[in-house]
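Undergrad: Numbering (this note's numbering), first residue to last: 1 to 50.
#1: Got a sec, what are the start and stop residues for the alpha helix (DSSP H) residue 18 sits in?
#2: Helix, strand or coil: which one does DSSP assign to residue 29?
#3: Taking the alpha carbon of residue 24 as the point to measure from, which residue in 41, 17, 5, 15 has its own alpha carbon closest?
#4: Please report the distance separating the alpha-carbon of residue 30 from that of residue 48.
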């Protein structure tokens, strides 16, 4: 982990275990096929950030 970088929970346990959470202040590009859960993932991360 980088010094001084804040992490938040993603709302998905496997992401939080693997990456330690989501870095704040960054941009993420969610890619995948139709109906793969991109919107669900984005909404869950947004809900955890509030």
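Beta carbons are placed, not taken as given, at the ideal position from N, Cα and C, and that holds for glycine.
TA: Working from what's here:
#1: Element bounds for residue 18: 13 to 19.
#2: coil
#3: 5
#4: 17 Å
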